[in-house]
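Colleague: Numbers given in the working numbering equal positions in the sequence shown, counted from 1, plus 5. Here you go, one structure.
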Amino acid sequence: TFDFKATTNFTLPVAHGLSTFSTLASDESLKDSEVTKVDISELSQISRRFRARLPSHLKTKLHKRSLKKEVIDDLPLIIALKNRVQPSLVELYGSFAEMLGSGSGGRVYSTYSMACGRKFAIKTFRPIRGSEGRRHYYESISNEIYIGASLDHPNIIKTIDVALEDGQIHQVMEFCSMDLVSLFKGVDISQDRINRYFVQMVYALQYLHQRGIAHRDLKLENFCLGEDGLIKLIDFGCAFIFSDSLSRKRKLAASITGTDPYIAPEVHEGSSYDAAKADIWSLAIIFVCMILRKFPWEIARPTNRAYANFLKHRHDDEFFRNIPSDALPLIRSMLSPNPAERPSVEEMSWDPWFQSLLEKSV
6 TFDFKATTNF
16 TLPVAHGLST
26 FSTLASDESL
36 KDSEVTKVDI
46 SELSQISRRF
56 RARLPSHLKT
66 KLHKRSLKKE
76 VIDDLPLIIA
86 LKNRVQPSLV
96 ELYGSFAEML
106 GSGSGGRVYS
116 TYSMACGRKF
126 AIKTFRPIRG
136 SEGRRHYYES
146 ISNEIYIGAS
156 LDHPNIIKTI
166 DVALEDGQIH
176 QVMEFCSMDL
186 VSLFKGVDIS
196 QDRINRYFVQ
206 MVYALQYLHQ
216 RGIAHRDLKL
226 ENFCLGEDGL
236 IKLIDFGCAF
246 IFSDSLSRKR
256 KLAASITGTD
266 PYIAPEVHEG
276 SSYDAAKADI
286 WSLAIIFVCM
296 ILRKFPWEIA
306 RPTNRAYANF
316 LKHRHDDEFF
326 RNIPSDALPL
336 IRSMLSPNPA
346 ERPSVEEMSW
356 DPWFQSLLEK
366 SV
């Protein structure tokens, strides 16, 4: 079983704005008054394909919906869905059943729709706290919703709908049976299967990075097994947009975000860092965890004895004796303490071992 200790999940407020739904342009240095208005009309079409599968008696009750914007201190945010009285979330997606997970942002429940014979996962974002500013509340939610709804890849969780009911925002997603921590606790996983999972993780990360998005909280809990048998990356509440189609300039992140054992060492240094290269480090930690079934260290800081030992012996093959020898060159490069020496996702695909995995997956 996994020897994973409870760790603190650090998530500092997202400080960037979103300029357009399609390009997801952002800049953490933007001041509130500089945030550009966002076009979110595309979100009203998210569930069109799902609506087409509904029985006629529900179709007639489902009005064509559109999102409206409210500017709060010059920041455009999703705050309402018009004409959402009928049908309700329960009518469309089924009653809330098992709670799949919870965190600082809200809770995720499973549902089952009798209308289409399908399970869904619905994230109910927590209500605004009394001492919390509306700007900060909607800013954190909009980051997750905008990014999640814009992605379309078989290895990334799909957002199906977004709704406002009873004063709370709900995000409807495809259902996944379990996260990888739960999966690995239950059965022995072969190296071939670990390799297949790793390839799918790389596919998901490649898709994100090609679109200028870094996840910043890659961990086993944020990869789930979908009903189609594929690995799905979830939870974009910590995501950072480091580039966009309008600018070639690469933006650096600054906030400490992620889960301790997976966080790259440069993130702890308190200065700006390349969020995409930090993702590469986290992905290597995930691969090591799948093999060792424990964390190599609790935190990547020199004050941690296990990490200090890694810094001293990271060039020794004996230190990586449990890692397959053909995978070692790539994993070692991904775990370089110097982010400039880590490969990009594209460069990872050139590695001979990874190429062999791709050939096996064909």
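Just so you know, even glycine gets a beta-carbon here, dropped at the ideal spot from N, CA and C.
Counting along the chain, where does the alpha helix (DSSP H) carrying Glu-351 start and finish?
Modeller: Counting along the chain, the alpha helix (DSSP H) containing Glu-351 begins and ends at 350-353.
Colleague: Return the first residue and the last residue of the alpha helix (DSSP H) that Glu-364 is part of.
Modeller: First-last of the alpha helix (DSSP H) with Glu-364: 357-366.
Colleague: Alpha carbon to alpha carbon, how far is Arg-139 from Asp-79? Give it in angstroms, no decimals.
Modeller: Only weak support is given to the placement of Asp-79: the predicted model assigns it a pLDDT of 32, under 50, and the value that follows is read from those uncertain coordinates. Cα-Cα distance, rounded: 12 Å.
Colleague: With 16 other CB atoms within 10 Å as the buried threshold, where does Arg-319 fall?
Modeller: Exposed is the call here.
Colleague: In whole angstroms, what is the alpha-carbon distance linking Asn-227 and Lys-128?
Modeller: Their Cα atoms are separated by approximately 14 Å.
Colleague: Ignore the nearest five residues each way along the sequence and tell me which others in His-273's own chain have a CB closer than 6 Å to its CB.
Modeller: Excluding positions up to five away in sequence, the list reads Arg-306.
Colleague: Between the alpha carbons of Lys-124 and Glu-96, how many angstroms are there, rounded?
Modeller: For Lys-124 and Glu-96, the distance between alpha carbons rounds to 13 Å.
Colleague: Report yes if the CB atom of Gly-231 is closer than 8 Å to the CB atom of Cys-181, and no otherwise.
Modeller: Yes.
Colleague: Would you mind stating whether Ala-269 and Ser-287 have Cβ atoms separated by less than 8 Å?
Modeller: Contact flag set, yes.
Colleague: What residue ranges within the region 207-277 form continuous beta strand (DSSP E) runs of no fewer than 3 residues, ordered along the chain?
Modeller: List check, beta strand (DSSP E) in window: 228-231 and 236-238.
Colleague: In whole angstroms, what separates the C-alpha of Ser-277 from that of Pro-342?
Modeller: Taking the straight line from one Cα to the other gives about 15 Å.
Colleague: Where does Gln-215 land, buried or exposed, given buried means 16+ other C-beta within 10 angstroms?
Modeller: Label assigned to Gln-215: exposed.
Colleague: What three-state label does DSSP hand Leu-169 in the structure shown?
Modeller: Three-state DSSP puts Leu-169 in a strand.
Colleague: Quick check: the Cα distance between Ala-289 and Met-104, rounded to an integer number of angstroms?
Modeller: Ala-289 and Met-104: Cα-Cα distance of roughly 30 Å.
Colleague: Would you list the one or two residues that DSSP bridges to Ile-290?
Modeller: Looking at the DSSP assignment, Ile-290 forms no beta bridge with any residue, so it has no partner.
Colleague: What are the partner residues of Ile-174, as DSSP defines its beta bridges?
Modeller: Paired residues: Leu-169.
Colleague: Please classify Ile-194: does DSSP put it in a helix, a strand, or coil?
Modeller: In this structure, Ile-194 counts as coil in the three-state DSSP scheme.
Colleague: Residues bridged to Val-113 by DSSP?
Modeller: Per DSSP, Gly-106 and Lys-128.
Colleague: Check whether the region 166-181 touches the region 192-204, taking contact to mean three or more Cβ pairs, one atom from each stretch, closer than 8 Å.
Modeller: Counting Cβ pairs under 8 Å, fewer than three are found: no touch.
Colleague: Please determine if the region 184-197 and the region 143-161 are in contact, where contact requires at least 3 C-beta pairs separated by less than 8 Å.
Modeller: At 8 Å Cβ cutoff, the stretches do not touch.
Colleague: Give the straight-line distance between the Cα atoms of Leu-185 and Ile-239, rounded to the nearest whole angstrom.
Modeller: Looking at the two C-alpha atoms, the distance is approximately 12 Å.
Colleague: Which residues mark the beginning and the end of the beta strand (DSSP E) in which Met-183 is found?
Modeller: Start and end: 181-184.
Colleague: If you run the structure through DSSP and keep just helix, strand and coil, what is Arg-139?
Modeller: Three-state DSSP puts Arg-139 in a helix.
Colleague: For Asn-327, decide whether its Cβ has a neighbour in chain D, counting only Cβ atoms nearer than 8 Å.
Modeller: Absence of chain D from the displayed structure is noted, only one protein chain being present.
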